[in-house]
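Engineer: Residue numbers (my numbering): 94 to 190. Ideal placement from N, C-alpha and C gives every residue a C-beta, glycine not left out. Have a look at this one before I ask anything.
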């Protein structure tokens with residue numbers, strides 16, 4: 094039996110203004126803590142107007158379950174495509190690892 098391939102789940106938030114950065118920083122940090130508690134290996138990336146949370150999962154089912162979780166859906170719903178922030182999430186299979 095072949096082991097599961099690692100999957101990378103990405104949650105990205107792009108801000109139209111730096112004024113919203115503190116609240117979105119806290120939201121992404123909470124999401125990072127929840128991912129770690131559920132067995133993922135998260136890493137937070139921050140720039141002036143973008144926040145990325147990359148999380149390694151053991152397989153596709155885990156990554157897709159994480160992206161469909163209420164925690165991720167809540168941050169996507171809060172960000173949406175509104176005047177302050179836009180957000181999206183996706184899972185990536187990394188071939189050859």
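Could you check what DSSP says for residue 140 in three-state terms: helix, strand or coil?
Structural biologist: Here residue 140 corresponds to residue number 47 of the chain shown, with the count starting at 1. Correct three-state label for residue 140: coil.
Engineer: Are residue 155 and residue 186 closer than 8 Å when you measure CB to CB?
Structural biologist: Locating residue 155 in the chain shown gives position 62, where the first residue counts as 1. Locating residue 186 in the chain shown gives position 93, where the first residue counts as 1. Going by C-beta atoms, residue 155 is not nearer than 8 Å to residue 186.
Engineer: Can you tell me whether DSSP reads residue 99 as helix, strand or coil?
Structural biologist: Position 6 of the chain shown, counted from the start, is the residue given in the question as residue 99. Coil at residue 99, not helix or strand.
Engineer: Helix, strand or coil: how does DSSP classify residue 150 here?
Structural biologist: Position 57 of the chain shown, counted from the start, is the residue given in the question as residue 150. Residue state, collapsed to three classes: strand.
Engineer: In the DSSP assignment, the beta strand (DSSP E) including residue 182 goes from what residue to what residue?
Structural biologist: On the chain shown, position 89 is the one that residue 182 refers to. Element bounds for residue 182: 178-186.
Engineer: Counting only the same chain and skipping the five closest in sequence on each side, list residues whose C-beta sits under 6 Å from that of residue 105.
Structural biologist: Counting from 1 along the chain shown, the entry for residue 105 is found at position 12. Counting only Cβ-Cβ distances below 6 Å, and skipping sequence neighbours, we find 145 and 181.
Engineer: Should residue 161 be labelled buried (16 or more other beta-carbon atoms within 10 Å of its own) or exposed?
Structural biologist: What you label residue 161 is simply residue 68 of the chain shown in a count that begins at 1. Exposed.
Engineer: Output the distance between the C-alpha atoms of residue 102 and residue 183, rounded to the nearest integer angstrom.
Structural biologist: Start at 1 with the first residue of the chain shown, and residue 102 comes out as number 9. Start at 1 with the first residue of the chain shown, and residue 183 comes out as number 90. When rounded, the distance between both Cα atoms is 6 Å.
Engineer: Sort out for me which residues DSSP pairs residue 135 with in a bridge.
Structural biologist: Taking the chain shown and counting its residues from 1, one reaches residue 135 at position 42. Its beta-bridge partners are 148.
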